[in-house]
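J.: Counting from 4, one number per residue, gives the positions in the sequence shown under this note's numbering. We put the CB at the ideal spot given by N, CA and C, even for glycine. Note that this is a predicted model, so its numbers are computed, not measured.
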Amino acid sequence: MREQVFGPSGYFADLSLPAENISRLRSMISDHWRSHLKSVAPKHACHFEQLEMDRYHEKSDLLDHHAIWPKEARILSLENVKEIRQMSFFEELESDFGTFEISDENDVGREEIYWRIVRPNEGQDMGPLHADAWFWELGHGYTPDNVKRVKIWIGIYVEPGASGFRYSPGTHLKEWPYHGIKKDGIMKPVIETPDEELNPITFMGESGDAILFHDRLIHGGAPSVGGKTRVSMEFTMFVKP
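(1) Sorted by chain position, which residues of the same chain lie with C-beta nearer than 6 Å to LYS41's C-beta, five sequence neighbours on each side aside?
(2) Going by CA-CA distance only, name the one from PRO45, HIS68 and LEU220 that's closest to ASP261.
(3) Within the same chain, show all residues whose beta-carbon is closer than 7 Å to that of GLY167, passing over the 5 residues directly before and after it, in chain order.
(4) When you compare only the Cα positions, how much space is there between TRP18 and HIS68?
(5) Here's the rule I'm using: 16 or more other beta-carbon atoms within 10 Å means buried, otherwise exposed. How should HIS182 be labelled?
(6) If ALA44 sits next to ILE214, beta carbons under 8 Å apart, how far is it from one beta carbon to the other, in whole angstroms?
(7) In the DSSP assignment, find the unbroken beta strand (DSSP E) run with PHE15 in it and report its ends.
(8) Would you identify the three-state DSSP class for THR239, choosing helix, strand or coil?
(9) Let's test the definition: count the other Cβ atoms within 10 Å of the Cβ of LYS154 and tell me whether it reaches 16, buried, or not, exposed.
(10) State the start and end residues of the unbroken alpha helix (DSSP H) segment that holds LEU81.
(11) Tell me the DSSP secondary structure of MET56 in three-state form.
(12) At what residues does the beta strand (DSSP E) containing VAL215 begin and finish?
(13) Which of the three DSSP states, helix, strand or coil, is assigned to THR102?
(14) Could you check how far apart the C-beta atoms of PHE100 and VAL242 are, in whole angstroms? I think they sit under 8 Å.
(15) Going by beta carbon distance, what residues of the same chain come within less than 8 Å of ARG37, once the five residues before and after it are set aside?
(16) Considering only their Cβ atoms, is the gap separating ASP218 from LYS151 smaller than 9 Å?
(17) Is PHE168 helix, strand or coil when you go by DSSP?
(18) Between which residues of its own chain and ASP57 is the CB-CB distance below 8 Å, once the five residues before and five after are set aside?
(19) Since TRP36 is in the alpha helix (DSSP H), which residue starts that stretch and which ends it?
(20) Assuming MET190 and HIS143 form a contact by the criterion Cβ under 8 Å, report the distance between their Cβ atoms to the nearest whole angstrom.
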């Protein structure tokens, strides 16, 4: 994993979580999703009680989607993080990268493992292509000395080829122009290179498959053109050189 992430391609795409890990993550994230809905939209929460998360879009018109799902609302609890750290896929990460810390970019006081939710055919549910390093360069979060940043993206509910993750291999080896704009209360990067010049490819992983990548690799969410809501999970690893 390490060799490929820090090599010419900038990513490793051959990690699959065991069935018991993905099942537990689905349950954990779904509980978090429903709990938040009850707190911010109690009148409508009942409509989601019997829905799997990949059917969220069927009732999402009852809600102000963008208002109720800022990143802070999607960061898992400390108890969840502790449990995830005991999962077998996490042990596999540490066997390759060594023990590592997870970033706390939003200064919530704990390691940040968070999830994303993207409805089908809703382009505003995801941002543009970018490199994670740009957020750090714009003052978002703190990186300890003598570590490198590696991101992991895990598909929780995805339709292969119709939703998920896209990336441009090798783009971490070059500097790409971008500028920052203030959005949602923070500075966010906007790439100045058209997507067609970056030639991104779609990660064809299924639910439970993961991709690890260099934090200068250009990437982003893949447009959801299927019939289900996409749910994914991610976090940034501070690994030793």
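T.: Checking against the coordinates, here is how it stands:
(1) Working through the sequence shown from its first residue, we reach residue 41 at position 38. Closer than 6 Å at the Cβ level, and outside the excluded window around LYS41, lie ALA48.
(2) Nothing can be reported for residue 261, as the shown portion of the chain is limited to 4 through 244.
(3) For this step, residue 167 is matched to residue 164 along the sequence shown. Once the five neighbours on either side are set aside, the close Cβ partners of GLY167 are GLY158, VAL161, THR205, PHE206, GLY208, ALA225 and ARG233.
(4) As a first step, residue 18 is located in the sequence shown; it is residue number 15 there, counting from the start. As a first step, residue 68 is located in the sequence shown; it is residue number 65 there, counting from the start. It should be noted that the sequence gives Leu, not Trp, for residue 18. Cα-Cα distance, rounded: 31 Å.
(5) Residue mapping note: residue 182 aligns to position 179 of the sequence shown, counting from 1. Its Cβ having fewer than 16 others within 10 Å, HIS182 is exposed.
(6) Indexing the sequence shown from 1 puts residue 44 at position 41. Indexing the sequence shown from 1 puts residue 214 at position 211. The Cβ separation is near 32 Å, so there is no contact.
(7) By 1-based counting over the sequence shown, the position of residue 15 is 12. First-last of the beta strand (DSSP E) with PHE15: 14-19.
(8) Indexing the sequence shown from 1 puts residue 239 at position 236. Three-state DSSP puts THR239 in a strand.
(9) Position 151 of the sequence shown, counted from the start, is the residue given in the question as residue 154. Buried.
(10) Along the sequence shown, read from residue 1 onward, the residue named residue 81 stands at position 78. Where LEU81 is concerned, the enclosing alpha helix (DSSP H) stretches over 81-88.
(11) Position 53 of the sequence shown, counting from 1, holds the residue named residue 56. If DSSP states are grouped into helix, strand and coil, MET56 belongs with the helices.
(12) Within the sequence shown, residue 215 is the residue found at index 212, counting from 1. It is worth fixing the name first, because residue 215 is Leu in this sequence and not Val. Element bounds for LEU215: 212-217.
(13) Indexing the sequence shown from 1 puts residue 102 at position 99. THR102 falls in the coil class under three-state DSSP.
(14) Start at 1 with the first residue of the sequence shown, and residue 100 comes out as number 97. Start at 1 with the first residue of the sequence shown, and residue 242 comes out as number 239. With a Cβ gap of about 5 Å, PHE100 and VAL242 count as contacting.
(15) Counted from its first residue, the sequence shown places residue 37 at position 34. Closer than 8 Å at the Cβ level, and outside the excluded window around ARG37, lie ALA48, PHE51 and GLU52.
(16) Taking the first residue of the sequence shown as position 1, residue 151 is located at position 148. Taking the first residue of the sequence shown as position 1, residue 218 is located at position 215. In this structure, ASP218 lies closer than 9 Å to LYS151 by Cβ.
(17) Start at 1 with the first residue of the sequence shown, and residue 168 comes out as number 165. DSSP places PHE168 in strand when its eight states are reduced to three.
(18) Residue mapping note: residue 57 aligns to position 54 of the sequence shown, counting from 1. Within the same chain, ASP57 has close Cβ partners TYR160, LYS231, THR232, ARG233 and VAL234.
(19) The count along the sequence shown starts at 1 and reaches residue 36 at position 33. Its alpha helix (DSSP H) spans residues 22-43.
(20) Position 187 of the sequence shown, counted from the first residue, corresponds to residue 190. Position 140 of the sequence shown, counted from the first residue, corresponds to residue 143. 7 Å between Cβ atoms; contact.
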